[in-house]
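Encoded as structure tokens, the structure appears first; notes follow it.
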Amino acid sequence: MADVIKCATRDAYGAALKELGERDDILVLDADLAKATKTITFKKAFPDKFIDCGIAEGNMIGVAAGLATTGYTVFASSFAMFAAGRAFEQVRNSVAYPKLNVKIGATHAGISVGEDGASHQCCEDIALMRSIPNMVIINPADDVEAKQAVFAAAEHDGPVYLRFGRLAVPRINAEDYKFELGKGVLLRGGNDVTIVATGLMVNEALIAADELAKEGIEARVINIHTIKPIDKEILVEAAKETGAIVTAEEHSIIGGLGGAVAEALSEEYPVPVVRLGVEDTFGKSGPALELLKIFGLDAQHIAEKAKKAIELKNRI
Amino acid sequence: MNENRKKELKKIALNVRKGVIEGTFNAKSGHPGGSLSIADIVTYLYFEKMNVNPENPQDENRDRFVLSKGHTAPALYAALALRGFFPVELIKTLRKPDSILQGHPSMRYTPGVDMSTGSLGQGISVACGMALGAKLKGKDFKVYVPLGDGEIEEGQVWEAAMFAGNRKLDNLVAIVDYNNLQIDGSLDEVNSPYPIKEKFEAFNWNVIEICGHCFDQIEEAFAKADECKGKPTCIVAKTVKGKGVSFMEDKCDWHGSAPNAEQYEQAMAELDAALKELEV
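Going line by line, the protein sequences match chains P and S.
Just so you know, we're using our numbering here: the first sequence kicks off at 1 and counts up by one.
Just so you know, we're using our numbering here: the second sequence kicks off at 1001 and counts up by one.
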């Protein structure tokens, strides 16, 4: 087996910004985390178009909004905890309500932050951002998708929340992969159950599907990179054809992908939806890969949930 | 400023105040107190100082106005209407479901409104972004941002003040509407932000203290702001909450309540009498 390339989506964020930097309208803001968010890659190439706002995320979002009113496309960057958490109301009132061209580059999302622990492991950001009108949310699965998501965000007219991780994750997409905003990606066929995954859980979903196949269970795998607006069409089709859904995300089971999928299907085509995510609890310190196992965010747990979903389907 | 022009501005300011009363009376809600205290400065900016064009509200070279104390939208709406951005009759639709005049300013509803505001402390950060945008684009427009004196209790104001001072945004002018009243009482009773002047100076701002109802002083302050290079300017304008309507003056109860029919008649009569006095 060929070596799998591993890259953190935050690295792709920095690289994509650098490519975008040739555009006159692009500005990048950070809040004293450039080395961690990887906006430093952009800063080195375009120092005059990089604005460090210091440790003041609320103000950074407001400054981004003001710059956007003067015609700039602004990427404002911080950790998910501070971009979506601390600056929630600035994002809501100063960016989303006036529908300004501000893209929030939120890195270090989820449990895989690792050793820094619960204070920095934001598992609530998708729920927060999803409740804001005008907001688009993208949670890429690997570096290839992340890079293209950044380009798509720059093309989109209005606010976008981009969710990136700290941990290097396996590349699952080919170089010629074409990202389409708002469109789910069918990665594997199957009619027994559907695994709907986002972010680093997409790779785990593919592994889980392989494991399930060994037991004679054919699982469909769908990558939902755009959590809002969500691709209802691909979800309803999966519900109709497989009758059982598992969602998998590195986020709270409340209000994230699982919530979005359950909301969509309960109104369009109700089937059992079993959610895998961070249970209603805070994270803790530890190596990222160990934490993902401890919190049940791996292929083994996806497979277990898949069997549960099938059982529920058969009971109805 | 010659006496005729000053008299003209006083008349416009009285009409702005009438608009505040008209709007809040018809809406049966809103914030007349702070709208009346900022009325003279809003009048000066829209009728004397700022480069704005009602025919082209989105002109990219226009001066920007960000009403960080967004609850005093009635004063801004009255000034915009009188300046020709939309018909004066619309003031009566303030806060109604189909109105272009939302309870707090929205740039997506109202021609001439440069930024949606209302959540205190956020407008000044956006104004910083606009001022920085002007500098990056090599444009010479200015950004004016009125703050409530109670509003500066918000921590975000000081994040923005630090940013503007550090970035030397000398195209940014903040105006603190210093009427010493907020919803729960006087500023020092609630959570004193005093001394205001020294605080802004400590963040590397040029600070000018004036009477916020005296057009000579207002003019001089904005001229000094133009002359100041390398620092943003903060004009601390001493004002009277409810200014121009006798029973509303210096009363924090008029922060967020509308006049009833009787109070409306009295307020309009007082403002009309003041207008008549200027005609003589």
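C-beta atoms are modelled at their ideal positions from N, C-alpha and C, and glycine is treated no differently.
Here the structure is a predicted model, which is why all the values come from computation and not from measurement.
query	result
The segment 1173-1186 of chain S / the segment 65-84 of chain P touching (three or more Cβ pairs under 8 Å)	no
Below-9 Å beta-carbon distance, residue 1165 (chain S) vs any chain P residue	no
Residues of the segment 1116-1128 of chain S with Cβ closer than 9 Å to any Cβ of chain P, in chain order	1116, 1117, 1118, 1119, 1121, 1122, 1123, 1124, 1125, 1126, 1127, 1128
Entirely enclosed beta strand (DSSP E) segments - the segment 1181-1237 of chain S, minimum 3 residues	1206-1211
Opening and closing residue of the beta strand (DSSP E) in which residue 251 (chain P) lies	245-252
Contained beta strand (DSSP E) runs [length at least 3] in the segment 1132-1183 of chain S, N- to C-terminal order	1143-1148, 1172-1178
Counted within 10 angstroms of its Cβ, other Cβ atoms place residue 1244 (chain S) as buried (16 or more) or exposed	buried
Contiguous alpha helix (DSSP H) assignments of at least 4 residues, all confined to the segment 256-280 of chain P	257-268
Where residue 141 (chain P) sits in the DSSP three-state scheme	coil
Meets three-Cβ-pair contact criterion under 8 Å: the segment 121-137 of chain P and the segment 86-103 of chain P	yes
Nearest candidate by alpha-carbon position, reference residue 44 (chain P), set P:298, P:57, P:281, P:28	P:28
Endpoints, the beta strand (DSSP E) within which residue 78 (chain P) is located	73-79
C-beta contact flag for residue 1157 (chain S) and residue 1067 (chain S) at 9 Å	no
Cutoff 7 Å; reference residue 175 (chain P); Cβ partners in own chain excluding five residues on either side	144
Contact set between residue 72 (chain P) and chain S, taken where Cβ atoms lie within less than 7 Å	1133
Separation of residue 244 (chain P) from residue 36 (chain P), as counted between CA atoms	39 Å
Cβ of residue 1160 (chain S) within 9 Å of any chain P Cβ	yes
Residue 46 (chain P) versus residue 152 (chain P): straight-line alpha-carbon distance, rounded	21 Å
Simplified DSSP assignment, three categories, for residue 30 (chain P)	strand
Chain-ordered chain S contacts of residue 69 (chain P) [CB-CB under 9 Å]	1064, 1107, 1114, 1115, 1126, 1129, 1130, 1133
Interface residues of the segment 1201-1221 of chain S facing chain P [CB-CB below 9 Å]	none
Buried/exposed call for residue 159 (chain P), threshold 16 Cβ in 10 Å	buried
Whole-Å CB distance - residue 166 (chain P) paired with residue 188 (chain P), under 8 Å assumed	So it is not a contact: roughly 27 Å between Cβ atoms.
Inter-stretch contact at 8 Å, needing at least 3 Cβ pairs: the segment 1010-1028 of chain S / the segment 1055-1067 of chain S	no
Selected residue, minimal CA-CA separation from residue 1267 (chain S), among S:1276, S:1279, S:1248, S:1252	S:1248
Whole-angstrom distance between residue 22 (chain P) and residue 225 (chain P), CA atom to CA atom	26 Å
Any C-beta of chain S under 9 Å from that of residue 66 (chain P)	yes
Contacts that residue 98 (chain P) makes with chain S (C-beta to C-beta distance below 8 Å)	1106, 1107, 1108, 1115, 1116
Buried or exposed by the 16-neighbour rule on C-beta atoms within 10 Å, applied to residue 316 (chain P)	exposed
CB contact check: residue 1136 (chain S) to chain P, cutoff 9 Å	yes
Contact list for the segment 234-268 of chain P against chain S, Cβ threshold 9 Å	none
For residue 1211 (chain S) and residue 1184 (chain S), the rounded distance between their alpha carbons	24 Å
Range covered by the beta strand (DSSP E) that runs through residue 103 (chain P)	102-107
Coarse secondary structure for residue 1005 (chain S), derived from DSSP in three states	helix
Own chain residues within Cβ distance below 6 Å of residue 255 (chain P), not counting five before or after	127
Cα-Cα separation, residue 81 (chain P) to residue 270 (chain P)	33 Å
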